[in-house]
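Asker:
Numbering (my numbering), first residue to last: 23 to 328.
Okay, here's the thing in structure tokens:
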């Protein structure tokens, strides 16, 4: 051991202290750069399937992923709207392919065949973004059970069915990421959103459990909890009888942009975050509820129902 120390000392003496410091600095910089590059992993060539891609968050995320060079699979119920989005994305300087796949996530029986077709066309899915969903604007006492079931079918069962159909391909490759666009309503309930909030709470229970089950298989699960985002979600929200709300909420109209949220989601992908929160001052409610639940109850009841 003393011989080794002597050799090391002689080597240091030959190099000189300044040279040794320079080497250490270079090694530290190399390590920092390596970690940075790992955290900023490129999405170029990644096959990303986005549901609910015809507007709002889905459309904004498709744009952001296109800029990154990702291969996109875009799904929604209306082909005409998907074609509009694809035409917009075609203006981005990227040669990555865009696949359009009409999909109604509430038709859970038809999902396995759609997934098989998409995997055959693309060779597999690297990232699945479960964004399709529908909101609610009605009091629980007035809302028919059919409307409650419809919201659960789209927001929960449709998301679970698509994930289960894609999962075997990811497990076979021991790689993949599943992203679920939830809401702060998945953390606490709010006026006029009983079924909607229930569906988002259900997503958290399911996907937090799934995350544990597939972690060792190289698959990551990320839940995204936006606050108020400027989209048409309130216009399309279901009322008590199942008709569209057709009203833009004031808070929704003044919310954060879908593009800003898309940028935050990409950051979450790069860092393999488990949960992403994004919004305005309403996000404080999540933390107040966690640490001061009784204060939260008093404050939330004073909010304007809309």
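Every residue, glycine too, gets a C-beta built ideally from N, C-alpha and C. Since the model is a prediction, treat every value here as computed from it, not as a measurement.
Using three-state DSSP, classify residue 45 as helix, strand or coil.
Answerer: Its pLDDT being 48, under 50, residue 45 is placed unreliably in this model, and the value from its coordinates should be taken loosely. In this structure, residue 45 counts as helix in the three-state DSSP scheme.
Asker: Decide yes or no for the touch test of the segment 301-311 against the segment 266-285: beta carbon pairs closer than 8 Å, at least 3 of them.
Answerer: Contact between the segment 301-311 and the segment 266-285 is present, because at least three Cβ pairs lie under 8 Å.
Asker: Starting from the Cα of residue 129, find the closest Cα among 70, 214 and 175 and give me that residue.
Answerer: Ranking the options by Cα distance to residue 129, first place goes to 175.
Asker: My assumption, with CB atoms under 8 Å, is that residue 299 sits in contact with residue 225. Please give the rounded CB distance.
Answerer: The Cβ separation is near 15 Å, so there is no contact.
Asker: Just curious, the alpha helix (DSSP H) that residue 272 is in, first and last residue?
Answerer: That run of the alpha helix (DSSP H) goes 272-275.
Asker: So what's residue 230 in DSSP terms, helix, strand or just coil?
Answerer: Of the three classes helix, strand and coil, the one that applies to residue 230 here is helix, per DSSP.
Asker: With DSSP as the reference, label residue 221 as helix, strand or coil.
Answerer: Three-state DSSP puts residue 221 in a helix.
Asker: List the endpoints of the continuous alpha helix (DSSP H) containing residue 262.
Answerer: Per DSSP, residue 262 belongs to no alpha helix (DSSP H) and is neither H nor E.
Asker: Quick check on residue 179: does DSSP put it in helix, strand or coil?
Answerer: Three-state DSSP puts residue 179 in a helix.
Asker: Among the residues of its own chain, which have a CB less than 8 Å from the CB of residue 310, if the five just before and after it don't count?
Answerer: Within the same chain, residue 310 has close Cβ partners 317, 318 and 321.
Asker: So residue 199 is in the beta strand (DSSP E); what residue range does that whole segment cover?
Answerer: Taken as a continuous stretch (DSSP letters only), the beta strand (DSSP E) holding residue 199 covers 198-203.
Asker: Let me know if residue 205 comes out buried or exposed under the rule of 16 or more other beta-carbons within 10 Å of its beta-carbon.
Answerer: Answer is buried; the Cβ neighbour count reaches 16.
Asker: Look at the alpha carbon of residue 313 and the alpha carbon of residue 231, and state the distance between them as a whole number of angstroms.
Answerer: Whole-angstrom Cα-Cα distance: 24 Å.
Asker: Let's see if you can read the secondary structure: which residues bound the alpha helix (DSSP H) around residue 174?
Answerer: Note, residue 174: alpha helix (DSSP H), 167-174.
Asker: Out of 96, 248 and 133, point me to the one whose CA is closest to residue 149's CA.
Answerer: That would be 96, whose Cα lies nearest to the Cα of residue 149.
Asker: Residue 152 bridges to which residues according to DSSP?
Answerer: Per DSSP, 202.
Asker: Per the DSSP calculation, residue 285 is bridged to which residue(s)?
Answerer: Looking at the DSSP assignment, residue 285 forms no beta bridge with any residue, so it has no partner.
Asker: Taking a contact to mean a Cβ-Cβ separation below 8 Å, would you say residue 66 touches residue 144 in this structure?
Answerer: Not closer than 8 Å, so no.
Asker: Quick one: what does DSSP say residue 163 is sitting in, helix, strand or coil?
Answerer: Here residue 163 sits in helix by DSSP.
Asker: Can you tell which of 141, 243 and 213 has the C-alpha that lies nearest to the C-alpha of residue 327?
Answerer: For the residues 141, 243 and 213, the minimum Cα distance to residue 327 belongs to 213.
Asker: State yes or no: is the C-beta of residue 262 within less than 8 Å of the C-beta of residue 166?
Answerer: Yes, the Cβ-Cβ distance between residue 262 and residue 166 is below 8 Å.
Asker: Look up residue 247 in the DSSP assignment and give the residues it is bridged to.
Answerer: For residue 247, which the question treats as bridged, DSSP gives the partners 299.
Asker: Give me, in chain order, the residues of the same chain whose beta-carbon lies closer than 7 Å to that of residue 242; leave out the 5 immediate sequence neighbours on both sides.
Answerer: Result list for residue 242: 199 and 294, in chain order.
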